[in-house]
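In the working numbering, the protein residues as written are 72 to 170.
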């Protein structure tokens with residue numbers, strides 16, 4: 072999930088749950104523990120657990136951690152591209168006004 076930060080750029084929302092907690096919940100559900108029980112233990116809704124399963128199913132802790140790091144890096148790079156695009160547009164506008 073993404074949100075707009077103070078500058079209007081898209082930023083990733085920080086998860087309250089660690090990679091270990093997410094993989095533990097998914098492993099519990101795969102092992103046959105009732106979904107409602109897993110959700111109650113972690114304090115998440117059933118749709119959240121199903122979203123995790125769709126996004127992170129089959130991943131280990133290290134893979135999940137790597138995915139999160141890549142998502143953070145991607146969000147940071149997108150912000151840099153947006154900032155540089157604005158700078159470029161401003162400079163082009165200044166050049167047009169001078170000519």
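For every residue, glycine included, the Cβ atom is placed at its ideal position computed from N, Cα and C.
Computed from a predicted model, the values in this text were never measured in an experiment.
Query, Result
"Which residue wins for smallest C-alpha separation from residue 128, given the options 156, 164 and 101?", "101"
"What's the C-alpha gap between residue 141 and residue 167?", "39 Å"
"Pull up the CB-CB distance for residue 113 and residue 96, whole angstroms please, since I reckon it's below 8 Å.", "5 Å"
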